[in-house]
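In our numbering, the protein residues as written are 263 to 816.
Shown next, in structure tokens, is the structure this report addresses.
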Ligand SMILES: [Zn+2]
């Protein structure tokens, strides 16, 4: 079987509700042991009786038993099951290789009635040969390697993934591994004990979550400040830039100050993946954040961590669903990174991050998509949808912020998090919080940005100046290419010496075509830039700057 089987299962997610996971993992990599005992409490969430359950598990896990019991009576429900090997394209994003599973079909003698809850109790293990062969690759693989063991992806098959139901659920996860290693698991560490050379950690997540874990002979670096903690679990032999702690404490405190207390006091970060991974990622699973090791010493590591930390507000504190979810979650987290960079460093660092997003949007041709922010979904995502959500989406947030103004925008956002902590929300609650602070109708304002993807290209057509007795009067003609008239809020920047300070003139364009911007300066301008803080999601960054000698620079 090779198809888009898994993607299709997301279309009908309402058959089952996972009520709870109770998972035990025993890991002894040196002795090639990986086994698990899992109890999964499931409810028939449909209006019909169901006699067949489908689930997936990683291809090389060997099932030793499956017992199903009615939850209320503890009566065993007789069944037969068959497993088929199964290969599917990777559902996360283009560029990742496909994944191999076993598809488990369970046929019950007596069907499960609507609302009936039942427990699937299963045991499985991995053979020593497969443990030896398993190599860390990208972070979304399930790896049981002699050095590191991790599984952070909802579909990596390290737990019985019952299909036709949302995989997140409250969980208890107990993990047993040899001393000398550390575990990083989302949730609260309820207990930890030592036993015959092993450590047994018991974690609990009361909020619905993916049961993820990593275990390795990590080095652990911890710091706390003002009641907040940061733990890093880093592969052996590597060092951690101490400035990273400082930057992240700044960011967490900034988020607390602006968006309130989300309940998470310690943020855990763990490296996973291979050094030479071709794809890199990071994932927040509650208070455990996993990232590809290749990011560790990159300059944008702070930004990656800031993005994930913000998910503790916009994914794990308010529960947003429906239209604009991806824009809110991923575009929103990237936008917050650019703002956080401005706050902890300066406007240029924020602008630099936005420029990175615009370049990504241009390279990934996010503007050539059939989709829009309103109807986009990451599942089965092509590269154009990824760049649309993460990059274009962040810039749309930036335009919204410019339109509303910082004061009203952040007051509204703060109120949104205060009012809806641990509650279900949609874009309507978000917009009405913003509208309490501004006369602007947010949905109406956003429509041209979210219903389609406008192709905007700003360029400087000419720069002329006139010298009078004591000043220079400059006139810049700017070309605005776009299919329709759009309100674009940005700036014109100019310098009167190439290394000198940039002077900023805020501008708002409401019409496409040619527009003129005028300013006066004491000295002759030698450098002019349109959109110097990269606030507009342009499809082309050429001809945005002009320098003295008439040459154009990117
Ligand atoms: Zn994210």
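Idealized CB from N, CA, C, for every residue including glycine.
Looking at the DSSP output, residue 567 shares a beta bridge with no other residue. Taken through DSSP and simplified to helix, strand or coil, residue 593 comes out as helix. Residue 537 counts as exposed, since fewer than 16 other beta carbons sit within 10 angstroms of its beta carbon.
Per DSSP, the continuous alpha helix (DSSP H) segment holding residue 695 begins and ends at 689-697. DSSP assignment within the segment 659-689 yields the following whole alpha helix (DSSP H) runs of 4 residues or more, N-terminal first: 668-682. Apart from sequence neighbours up to five positions away, the residues of its chain that approach residue 380 with a beta-carbon distance below 7 Å are 304, 330, 331, 332, 333, 339 and 374, ordered along the chain. Cβ neighbours of residue 516 within its own chain (closer than 7 Å, five residues either side excluded): 602, 605 and 606. Secondary structure at residue 764: coil, using DSSP grouped into helix, strand and coil. Between the alpha carbons of residue 790 and residue 757 lies a distance of about 7 Å. DSSP places residue 801 in no alpha helix (DSSP H); its state is neither H nor E. The alpha carbon of residue 726 has as its nearest neighbour, out of 720, 718 and 735, the alpha carbon of 735. Residues with their Cβ less than 6 Å from any non-hydrogen atom of ligand 1, running along the chain, are 569, 573, 592 and 595. Taking 3 residues as the shortest admissible run, the segment 440-497 contains the following complete beta strand (DSSP E) segments, listed from N- to C-terminal end: 444-446, 450-457, 460-471, 475-478, 481-487 and 490-496. The C-beta separation of residue 751 from residue 770 comes to about 5 Å, placing the pair in contact by the 8 Å criterion.
A check of alpha carbon separations from residue 729 across 694, 783, 679 and 779 identifies 783 as the nearest. In this model, residue 286 and residue 474 are separated by some 12 Å (Cα to Cα).
Taking the C-beta atoms as reference points, residue 805 is found no nearer than 8 Å to residue 744.
Partner residues in a beta bridge of residue 602, as assigned by DSSP, do not exist.
Residue 640 and residue 651 do touch by the CB rule: their CB atoms are close to 7 Å apart, below 8 Å.
Straight through space, the alpha carbons of residue 706 and residue 396 are spaced by roughly 52 Å. Judged by DSSP in its simplified three-state form, residue 539 adopts coil rather than helix or strand.
Apart from the 5 residues on each side of it in sequence, residue 781 sits with its Cβ closer than 6 Å to the Cβ of 736 and 767 in its chain, given in chain order. In this structure, the CA atom of residue 591 is about 44 Å from the CA atom of residue 458. Setting aside the 5 residues that flank it on each side, residue 422 is surrounded in the same chain by 300, 302, 317, 319, 382 and 384, each with a C-beta closer than 7 Å to its C-beta; the list follows chain order. Within the DSSP bridge table, the entry for residue 384 names 300 and 328 as partners. Assignment of residue 545 by DSSP, reduced to helix, strand and coil, places it in the strand class. DSSP places residue 783 within a strand segment (E or B) once states are collapsed to three. A straight line joining the alpha-carbon of residue 388 with that of residue 438 spans about 15 Å. Contact between residue 549 and residue 448 is confirmed by a C-beta separation of about 6 Å, below the 8 Å threshold. Contact between the segment 612-626 and the segment 683-703 is absent: fewer than 3 CB-CB pairs across the two stretches fall below 8 Å. Counting along the chain, residue 730 sits inside no beta strand (DSSP E), nor does DSSP assign it H or E at all. Here DSSP, grouped into helix, strand and coil, assigns residue 808 to strand. Measuring C-alpha to C-alpha distances from residue 518 to each of 596, 672 and 600 identifies 672 as the nearest.
DSSP places residue 702 in the coil class of the three-state scheme, outside both helix and strand. When the five nearest sequence neighbours on each side are left out, the beta carbons in the same chain lying within less than 6 Å of the beta carbon of residue 563 are those of 557, in order along the chain.
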